[in-house]
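In what follows, a structure is listed as structure tokens, so that the remarks can point back to it.
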Amino acid sequence: MNSNFSVVFWTALLTFTAIWHSSAAQSSHFPAFERLSEPIQTELQTFHLDTLSDAIELPWGIAFLPNGQTLLTERDGRIQLYRNGIMDPEPVQGVPEVYAVGQGGLLDIEPHPNVEDNGWIYISYSKPGRGGGHTALMRARLDAASMPATLIDQEEIFAADPPTRGRVHFAGRIEFDEESFVYLSIGDRGRMEQSQDISNAAGNVYRFHDDGRIPQDNPFVDNPEAIASIYSYGHRNPQGMAMHPGTGAIWTHEHGPKGGDEINIIRKGANYGWPVVTYGIDYDNSIISTETEREGMEPPLHYWDPSIAPSGMEFIQGDRYEGWSGALMVGALKYQMLVRVELEGEQFVSEERFLEGIGRIRELEMGPDGYLYVLAEGPSYLMRLVPATENATATATAT
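The opening residue of the sequence shown carries number 121 in our numbering; numbering runs sequentially from there.
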């Protein structure tokens, strides 16, 4: 893709012909194709980018609710509510105060797998305290009948302690597995040595019952020196997390320093090595470690060098995207692109990069309508990928 892509793409996108609502609704969340780009050709797929909103700032997470509503988090501390693709005039009320410093703020949002019955929505954020902040996880229900909509029944699941004045590596991705255990990632908070200390809250992936109780089969529940909710450790800054639709395993990716971004499959009690083993070097070109592997430390499924700064990940499901089903999609902040990772089981096969220059991709999510939704910042947009075989009046079948 040539270096002029960014200019050409955004010129085409912003000089679009608006394609407004037809009687055939595309989904209950975003009723019709809104603003379609020119066709974009990749190895296996030709698609349009459908821009759904540019009225968001520093987006971080997206949650589709079964009643047709969509929630978006903005890092500065707001949750926006969309109903039938139209944003409420005021943000959701009752959002907790956030430590909006550096990479901190309001982070991910994820509905409970049984949200239609129990109403629970899970939110991660950097919680302020003692002059600093640290990553926390809460749950709440949404009262959408009020105006503005409001978070009610708030419960704190976990708050990492102690707070620090650090500005980086909050992580904060949330994911559920098939048994409705909830996972949370927390980065090393800029102090790499913390990731090898399971008595420290930083540099870990956590696992909880959906009400915050600690599962008795967590790997460190019998270790009095450990935080019992830790499920894996040795992480730097995992900002992508997804459940594999075939195996039910939790996959993550995490930022390396200068090189050494990783894709990992999260295994019970595993040590992922940071900073003892790494494929990256420090930002000043100094050596962090001469080792890339060590017995007892989990090697990555794949790593990137140079770094792409991955954020957001999702497995493609359904048959809407011919040739992509089962692939892992990864967003990239650094090169402002999407990466399609082809896999054979738990083995990396190849990757394809496209949409370079689109913006810093922060999150990816498969919608209930079978489309892949993309959150980008700088500029900030909510978009979805629409196969070129579907036109503006086609009726989409929810998957």
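Cβ atoms here follow ideal geometry from the backbone N, Cα and C, with glycine treated the same way.
In this text the structure is predicted, and so the values were computed from the model without any measurement.
Local Cβ density within 10 Å of residue i, reported as buried at 16 or more and exposed below that
{"i": "A175", "result": "exposed"}
{"i": "T193", "result": "buried"}
{"i": "A265", "result": "exposed"}
{"i": "D381", "result": "buried"}
{"i": "T255", "result": "buried"}
{"i": "P426", "result": "exposed"}
{"i": "Q274", "result": "exposed"}
{"i": "R314", "result": "For the record, residue 314 in the displayed sequence is Gln; it is not Arg. Flag for Q314 reads buried."}
{"i": "Y326", "result": "buried"}
{"i": "G181", "result": "buried"}
{"i": "N357", "result": "buried"}
{"i": "M312", "result": "buried"}
{"i": "V235", "result": "buried"}
{"i": "Q359", "result": "buried"}
{"i": "E497", "result": "buried"}
{"i": "R414", "result": "exposed"}
Reduced DSSP category for residue i - H, G, I as helix; E, B as strand; rest coil
{"i": "M312", "result": "helix"}
{"i": "V215", "result": "coil"}
{"i": "E275", "result": "strand"}
{"i": "V235", "result": "helix"}
{"i": "T412", "result": "coil"}
{"i": "H149", "result": "coil"}
{"i": "W444", "result": "coil"}
{"i": "T270", "result": "strand"}
{"i": "W240", "result": "coil"}
{"i": "T513", "result": "Confidence at T513 is low in this model, with a pLDDT of 39, below 50, so the placement of that residue should be treated as unreliable; the coordinate-derived value is given next. It is coil, neither helix nor strand."}
{"i": "H141", "result": "Confidence at H141 is low in this model, with a pLDDT of 30, below 50, so the placement of that residue should be treated as unreliable; the coordinate-derived value is given next. H141 falls in the coil class under three-state DSSP."}
{"i": "Q80", "result": "Residue coverage of the chain in this structure runs from 121 to 519, which leaves residue 80 outside it and unanswerable."}
{"i": "D263", "result": "strand"}
{"i": "T162", "result": "coil"}
{"i": "D228", "result": "strand"}
{"i": "P419", "result": "coil"}
{"i": "L156", "result": "strand"}
{"i": "R482", "result": "strand"}
{"i": "P209", "result": "coil"}
{"i": "Y501", "result": "strand"}
{"i": "S123", "result": "Bear in mind that the predicted position of S123 carries a pLDDT of just 46, short of 50, making it unreliable; the figure below should be weighed with that in mind. Coil, per DSSP."}
{"i": "S406", "result": "coil"}
{"i": "A256", "result": "strand"}
Same chain only: Cβ atoms within 6 Å of residue i, ignoring 5 sequence neighbours per side
{"i": "R473", "result": "M457, V459"}
{"i": "G451", "result": "S431, G432, I481, L484"}
{"i": "T519", "result": "Residue confidence is low: T519 scores 29 on pLDDT, short of 50, so the model does not pin down where it sits. No coordinate-derived value is stated."}
{"i": "T166", "result": "P159, A508"}
{"i": "G252", "result": "P283, T284, R285"}
{"i": "R549", "result": "Not covered by the structure: residue 549. The range shown for the chain is 121 to 519."}
{"i": "Y115", "result": "The requested residue 115 does not occur in the structure, where the chain is confined to residues 121 to 519."}
{"i": "G332", "result": "I277"}
Rounded straight-line distance, which links the Cα of residue j to that of residue i
{"i": "P499", "j": "P179", "result": "10 Å"}
{"i": "Y392", "j": "P335", "result": "21 Å"}
{"i": "M486", "j": "N320", "result": "34 Å"}
{"i": "K454", "j": "H232", "result": "31 Å"}
{"i": "F435", "j": "M449", "result": "6 Å"}
{"i": "I229", "j": "A346", "result": "27 Å"}
{"i": "F85", "j": "D330", "result": "Lying before the first or after the last residue shown, residue 85 is absent from the chain, which here runs from 121 to 519."}
{"i": "P216", "j": "E276", "result": "10 Å"}
{"i": "L201", "j": "G389", "result": "37 Å"}
{"i": "E74", "j": "R155", "result": "No answer is possible for residue 74: the residues shown for the chain start at 121 and end at 519."}
{"i": "I243", "j": "N338", "result": "22 Å"}
{"i": "A269", "j": "R198", "result": "12 Å"}
{"i": "V506", "j": "Y491", "result": "7 Å"}
{"i": "S173", "j": "R261", "result": "25 Å"}
{"i": "L462", "j": "W444", "result": "The displayed chain sequence assigns Glu, not Leu, to residue 462. Near 8 Å, if we compare the C-alpha coordinates of W444 and E462."}
{"i": "G479", "j": "Y493", "result": "14 Å"}
{"i": "M207", "j": "R293", "result": "24 Å"}
{"i": "G222", "j": "R287", "result": "5 Å"}
{"i": "Y245", "j": "H422", "result": "28 Å"}
{"i": "P211", "j": "E464", "result": "43 Å"}
{"i": "F429", "j": "R250", "result": "Correcting the residue identity first, residue 429 is Ala in this sequence and not Phe. When rounded, the distance between both Cα atoms is 30 Å."}
{"i": "Q316", "j": "A322", "result": "9 Å"}
{"i": "E476", "j": "G310", "result": "28 Å"}
{"i": "M417", "j": "E177", "result": "39 Å"}
{"i": "S470", "j": "I383", "result": "13 Å"}
{"i": "Q213", "j": "L271", "result": "6 Å"}
Own chain partners of residue i with C-beta closer than 7 Å, once the 5 adjacent residues on each side are dropped
{"i": "E163", "result": "E472"}
{"i": "I407", "result": "I401"}
{"i": "A362", "result": "E295, W371, M433, E434, F435"}
{"i": "F468", "result": "L421, H422, V461"}
8 Å Cβ shell around residue i - same chain, five flanking residues per side excluded
{"i": "Y351", "result": "Y303, N324, V325, Y326, R327, N338, P339, I386, K388, G389"}
{"i": "P377", "result": "R356, T398, G400, I401, D402, Y403, I408, S427"}
{"i": "I318", "result": "N324, F340, N343, E345, A346, I347, I350, Y353"}
Q: Tell me the start and end of each unbroken beta strand (DSSP E) in the segment 320 to 404 that is at least 3 residues and wholly inside, in chain order.
A: Look at the segment 320 to 404 and you find these whole runs of beta strand (DSSP E), each 3 residues long or longer: 324 to 328, 350 to 353, 358 to 363, 370 to 374, 381 to 385.
Q.
My parser needs the beta strand (DSSP E) runs of 3 or more residues fully inside the segment 176 to 204; what are they?
A. When DSSP assignments are scanned along the segment 176 to 204, the uninterrupted stretches of beta strand (DSSP E) that are 3 or more residues long and fall wholly within it turn out to be 179 to 184, 189 to 194, 198 to 203.
Q: Could I get the ranges of all uninterrupted beta strand (DSSP E) runs contained in the segment 275 to 302, with 3 residues as the minimum, in chain order?
A: Whole beta strand (DSSP E) segments, 3+ residues: 294 to 296.
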